[in-house]
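Peer 1: Pasting a structure here, questions to come.
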Amino acid sequence: MNSKTALEKKYEIIKQNLGNQTTFYTDEVIPLFPELKKSTLYWNLSKLVEAGYIKRVRNGVFSFNDLKGRQGIILCETAQKLKNYMDELGFYYYISGLDILAKYMLHIPEQYPVIAFIEKAAKEEIYNNLLAEEFEVIEPQYTKKMYEDAMFSGSHNMQVILYTTEDFQYSSEGLASIEKAFADLYFAITRNGYPLSLQELVRIYQNLSRLGNIDKKKLITVASRRNIQYDIRFIVENRFITDSAIEFGKILRREE
């Protein structure tokens, strides 16, 4: 018999009452457990953080862990169709990029290519199946040209940028983690000409950081899988880097 632990029961009470909020405060949790001493409640919250159910944004402020509930993720129509179809096919895959991060944007583009990763060994079969289902499959290196052609012709026929991978560690139930989605979107924009401005990506990062919904150490680890760890480390540590160091780096680049 799988009985829930006392800690899990407390998490469910918190989620039922505060789950519609992006963040919640210790003062909002206290009235939910009038029978508990404050010291006991603080200990329980710490244990929930350790267990990965919630994240500590800052002292007294928490958020729910996206990997536990995936709350708030609303896939675009193309991404949802892709997910449904890939689930039917039964191959390993995950959707990444803007679909995972859209809730952190103020203005979501009406149309954009979906970023997805598929298992490398099944690339040809998956490509053929998606084409048969009228998805417009885009090779990553042709992202900019394909999207510009679609803009010119006025046709956006379920565009999907397919990357191949053998690593599904940072995904769950066909969806990338927040850290993986950000690294993938950054790579797509800066390396493949994905149609989203860096300014928009900066705003996404600021919102993720403000809400405490991104693990920056994990982000750097994830970035190393795509060989963009130096870029991401600079972004994560940017506020600690002096103007002198930035200017020093610019001079080095000019002289090398």
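Residue numbers (UniProt numbering): 1 to 256. C-beta: ideal position from N, C-alpha, C; glycine also.
(1) Identify the continuous beta strand (DSSP E) that holds F248 and give its terminal residues.
(2) Which word fits G69, buried or exposed, when buried means at least 16 other C-beta atoms lie within 10 angstroms of its C-beta?
(3) Could you tell me which of E133, V236, N207, E255 sits nearest to T23, measuring between CA atoms?
(4) Between the C-alpha atoms of K81 and E139, what's the straight-line distance to the nearest angstrom?
(5) In chain order, what are the residue ranges of uninterrupted alpha helix (DSSP H) at least 4 long that sit wholly in the region 42-105?
(6) Inspect the beta-carbon positions of K216 and V236 and report whether they are closer than 8 Å.
(7) Is F234 helix, strand or coil by DSSP?
(8) What's the call for F182, buried or exposed, on a 16-neighbour Cβ count within 10 Å?
(9) If contact is defined by three or more beta carbon pairs under 8 Å, each pair taking one atom from either stretch, is the region 190-205 in contact with the region 93-110?
(10) Assuming the contact rule is C-beta atoms closer than 8 Å, I95 and K83 should be a hit. Round their C-beta distance to whole Å, please.
(11) So, using beta-carbon positions, are N157 and E134 closer together than 8 Å?
(12) Please name the residue or residues paired with E136 in a DSSP beta bridge.
(13) DSSP state of L201, grouped into three classes?
(14) Would the region 238-248 count as touching the region 180-199 if we require 3 or more Cβ pairs under 8 Å?
(15) Pop quiz: F168 and Y92 are said to be a contact at Cβ under 8 Å. What is the actual Cβ separation, rounded to whole angstroms?
(16) Under three-state DSSP, which class holds Y25?
(17) Please confirm whether V114 and K180 have their CB atoms less than 8 Å apart.
(18) By Cβ distance, which residues of its chain are closer than 7 Å to L219, with the 5 residues on each side in sequence left out?
Peer 2: Taking the geometry as given:
(1) Taking the first residue of the sequence shown as 1, we reach residue 248 at position 248. For F248, no beta strand (DSSP E) segment is defined; the enclosing uninterrupted segment is the alpha helix (DSSP H) at 243-255.
(2) Sequence index remark: in the sequence shown, residue 69 carries index 69 (1-based). Bear in mind that the predicted position of G69 carries a pLDDT of just 41, short of 50, making it unreliable; the figure below should be weighed with that in mind. G69 is exposed by the Cβ-count criterion.
(3) The residue given as residue 23 occupies position 23 in the sequence shown. From the listed residues E133, V236, N207, E255, the smallest Cα separation to T23 is found for N207.
(4) Here residue 81 refers to the residue found at position 81 when the sequence shown is read from its first residue. Here residue 139 refers to the residue found at position 139 when the sequence shown is read from its first residue. In this structure, the CA atom of K81 is about 19 Å from the CA atom of E139.
(5) If only complete runs of 4 or more residues are kept, the region 42-105 shows the alpha helix (DSSP H) at 66-69, 77-89, 98-101, in order along the chain.
(6) Translated into the one-based positions of the sequence shown, residue 216 becomes position 216. Translated into the one-based positions of the sequence shown, residue 236 becomes position 236. Yes. Within cutoff.
(7) As a first step, residue 234 is located in the sequence shown; it is residue number 234 there, counting from the start. DSSP places F234 in helix when its eight states are reduced to three.
(8) Here residue 182 refers to the residue found at position 182 when the sequence shown is read from its first residue. For F182, the number of other beta carbons within 10 angstroms of its own is at least 16, and it is reported as buried.
(9) Output reads yes: the region 190-205 touches the region 93-110.
(10) Translated into the one-based positions of the sequence shown, residue 95 becomes position 95. Translated into the one-based positions of the sequence shown, residue 83 becomes position 83. Contact flag correct, Cβ pair sits at about 6 Å.
(11) Stepping through the sequence shown from its first residue, residue 157 is reached at position 157. Stepping through the sequence shown from its first residue, residue 134 is reached at position 134. With contacts defined as CB atoms closer than 8 Å, N157 and E134 qualify as a contacting pair.
(12) As a working mapping, residue 136 is identified with position 136 in the sequence shown. Q159, per the DSSP bridge assignment.
(13) Taking the sequence shown and counting its residues from 1, the one referred to as residue 201 is at position 201. In the three-state reduction of the DSSP assignment, L201 falls in the helix class, which pools H, G and I.
(14) By the Cβ rule, the region 238-248 does not count as touching the region 180-199, because fewer than three pairs are nearer than 8 Å.
(15) In the sequence shown, counting from the first residue as 1, residue 168 sits at position 168. In the sequence shown, counting from the first residue as 1, residue 92 sits at position 92. Contact holds; Cβ gap of about 5 Å.
(16) Counted from its first residue, the sequence shown places residue 25 at position 25. Residue state, collapsed to three classes: strand.
(17) Sequence index remark: in the sequence shown, residue 114 carries index 114 (1-based). Sequence index remark: in the sequence shown, residue 180 carries index 180 (1-based). Contact: no.
(18) To locate residue 219, count along the sequence shown from 1; it is residue 219. Taken in chain order, the residues that qualify are E179, F182, A183, I232, V236.
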